[in-house]
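Everything in the sequence shown is counted per the working numbering, starting at 2 for the first residue and increasing by one. Using N, Cα and C, we set each Cβ at its ideal position, and we do this for glycine too. Taking it in order: structure first as C-alpha cells, then the write-up.
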Amino acid sequence: MARMMYAASENDPNMLYATQIRVPDPFLWIETETKSYAFFSKLEIDRAKREAKADVVLSYEEASGVKEEKLSPSLLIQEICRKLRLRQLTVPSNFPLGLAEALRKKGIKVIPKQGEFFPERSVKTQQEIEAIVSILRVAEKGMKKAIEILRESEISKDESLQWRKKVLDSKTLRDEIEIAMMREGALASNTIVACGKEACDPHEIGKGKLMPHQSIVIDIFPRDKTSGYFGDLSRTVVKGTPSQALRDLYLTVQEAKQWVLSVLREGVNGKKIEKEIRQRFAKKGYPTEIRNGRWVGFFHGLGHGVGLEIHEPPRFRKAVFKTNQVITVEPGLYYPEIGGVRLEDMVVIKKEGVENLTKIEEKLEID
Numbered sequence: 002m003a004r005m006m007y008a009a010s011e012n013d014p015n016m017l018y019a020t021q022i023r024v025p026d027p028f029l030w031i032e033t034e035t036k037s038y039a040f041f042s043k044l045e046i047d048r049a050k051r052e053a054k055a056d057v058v059l060s061y062e063e064a065s066g067v068k069e070e071k072l073s074p075s076l077l078i079q080e081i082c083r084k085l086r087l088r089q090l091t092v093p094s095n096f097p098l099g100l101a102e103a104l105r106k107k108g109i110k111v112i113p114k115q116g117e118f119f120p121e122r123s124v125k126t127q128q129e130i131e132a133i134v135s136i137l138r139v140a141e142k143g144m145k146k147a148i149e150i151l152r153e154s155e156i157s158k159d160e161s162l163q164w165r166k167k168v169l170d171s172k173t174l175r176d177e178i179e180i181a182m183m184r185e186g187a188l189a190s191n192t193i194v195a196c197g198k199e200a201c202d203p204h205e206i207g208k209g210k211l212m213p214h215q216s217i218v219i220d221i222f223p224r225d226k227t228s229g230y231f232g233d234l235s236r237t238v239v240k241g242t243p244s245q246a247l248r249d250l251y252l253t254v255q256e257a258k259q260w261v262l263s264v265l266r267e268g269v270n271g272k273k274i275e276k277e278i279r280q281r282f283a284k285k286g287y288p289t290e291i292r293n294g295r296w297v298g299f300f301h302g303l304g305h306g307v308g309l310e311i312h313e314p315p316r317f318r319k320a321v322f323k324t325n326q327v328i329t330v331e332p333g334l335y336y337p338e339i340g341g342v343r344l345e346d347m348v349v350i351k352k353e354g355v356e357n358l359t360k361i362e363e364k365l366e367i368d
C-alpha cells in the first residue's frame with residue numbers, strides 16, 4: 002500500500018523528516034513499495050532537485066502532464082495516482098479533510114493512519130542527536146544571557162528589579178533571551194519567564210515585573226532555522242534571597258531530577274518512574290492535589306520526546322524507553338504561597354543509562 006502526504010515541510014514535521022527540505026507551501030510526497038516520490042511547484046523544483054530526499058523528484062507538470070496553472074491539489078494527485086496505478090493511499094491523521102473527500106469522490110481510497118505516521122522518528126540517528134545538541138547549546142546561550150542580565154540587575158527601594166535604570170519585567174528579559182538566540186541562528190518565541198505566582202502555571206509565559214527574592218522559572222525551547230530541530234531547557238533562579246521554603250522546594254526538585262537520571266535506561270517504564278516521583282514528593286510534604294480551585298504540586302508530565310517538534314513521542318508516562326530516544330527530564334513543584342520550581346535537562350536513552358546532553362549549571366541564587 003502506498004503512503005502519501007500533502008503538506009508544507011516548513012511546519013509539518015513528518016514532511017520535513019521524509020524529504021529533508023524546508024518549503025513554506027504544501028507539496029506532494031508519495032511512497033510506494035519500491036520508491037519514494039516528491040513533487041514540487043515550479044518555484045521550488047530546481048532547489049528540490051538539489052536538496053530533497055526522494056528517489057524521484059519531479060515538477061507538477063513533469064509528473065502530471067498538465068500545466069501547473071490548471072492543476073488543483075486533487076487533480077494533481079489523481080493524475081499521479083493514475084500514472085503510478087495507485088487506488089489506495091495511507092495518509093497522516095492530519096491530512097486535509099476536504100482534499101481527502103475530493104479524492105474519494107474520484108474513486109481513490111484515502112485511509113488515515115492510526116498513531117504515528119513515522120514511528121521511527123522517536124529513535125534518533127547520530128546526525129539527529131548532533132542537530133539537537135547544536136540547538137541545545139544555543140538555548141544554553143540564551144539562559145546564560147538571562148542569568149547575566151539578572152546578575153547585572155539591582156534591587157530597588159520599592160522591591161522591584163532594575164536593569165539599565167528601568168524596571169525589569171518578563172517581556173524585557175524574554176526579548177533579550179530570544180534576540181541572543183536569534184543571533185545564533187535560532188527561531189525563538191513564547192520563551193517562558195514567569196515570576197512568583199505566575200511561575201506556578203507551567204505554561205504561563207510571564208507578563209509582569211520580575212521581583213527579587215521570588216522564583217523565576219525560565220523555559221527556553223528554540224528551533225534551529227537550518228535543521229528544524231528543537232532544544233529544550235528550564236532553570237529556576239532567584240535574584241536576591243529566597244525563603245527557606247523556596248530553598249527546600251528547589252532542593253526537592255533537584256534531588257528528584259537526579260534520581261530520575263540515575264534510573265533511566267533502555268526498557269524502563271516511564272509511567273512507573275513518574276508515579277514514583279509523585280509518591281516521593283508527597284512523602285516529603287509536597288502532595289499533588291487541588292487547593293482553592295487550582296492544581297498544586299507536580300501536575301504535569303515528567304518529560305517528552307524532542308526532535309522536529311518540541312513535544313513529540315515518546316511521552317514519558319506512556320513510554321517503555323528505547324536506545325537513542327531523546328527526551329526531557331523536567332520535574333517541577335508549584336505552590337503559590339512558595340513559588341514554582343522546574344528543572345529540565347535533555348538526555349539520550351542508552352542501554353545502561355542516559356547521556357545528559359545539557360551542560361549548563363543549576364544554581365538557584367544569582368549573586
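Query	Result
Just to confirm the assignment, what range does the beta strand (DSSP E) spanning Thr329 have?	327 to 330
Under 7 Å between the Cβ atoms of Lys43 and Glu63?	no
When the Cα of Lys323 is compared with those of Thr126, Arg51, Ala39, which residue comes out closest?	Thr126
Apply the 10 Å Cβ neighbour rule to Ser157 and answer buried if 16 or more other Cβ atoms are within range, or exposed otherwise.	exposed
Can you name the start and end residues of the alpha helix (DSSP H) that Arg83 belongs to?	74 to 85
Taking only the alpha-carbon atoms, compute the straight-line gap between Arg4 and Tyr61 and give it to the nearest angstrom.	18 Å
Mind checking Ser123: buried by the 16 CB within 10 Å criterion, or exposed?	buried
Only counting the same chain, and skipping five residues up and downstream in sequence, which positions put a Cβ closer than 7 Å to that of Lys36?	Asp56, Val57
Using only the heavy atoms of the ligand PLP, determine whether one of them is closer than 6 Å to the beta carbon of His214.	Here there are no bound small molecules, and the ligand PLP is not part of this structure.
Taking DSSP's pairing of strands, which residues face Ser235 in a bridge?	Asp220, Glu345
Rounded to whole angstroms, what's the CA-CA distance from Val297 to Tyr230? Just pull it up for me.	32 Å
Under a Cβ-count criterion, where at least 16 other Cβ atoms within 10 Å of its own Cβ denotes burial, should Arg236 be classed as buried or exposed?	buried
Taking the C-alpha atoms as reference points, what is the distance between Gly354 and Trp164?	42 Å
Taking all protein chains shown into account, decide if Asp225 is buried (16 or more other Cβ within 10 angstroms of its Cβ) or exposed.	buried
Can you give the Cα-Cα distance for Gly207 and Asn270, rounded to whole angstroms?	34 Å
Under three-state DSSP, which class holds Gln163?	strand
Whole angstroms are fine: how far does the CA of Pro113 sit from the CA of Cys82?	17 Å
Over the uninterrupted alpha helix (DSSP H) stretch that includes Glu277, give me the two end residues.	271 to 284
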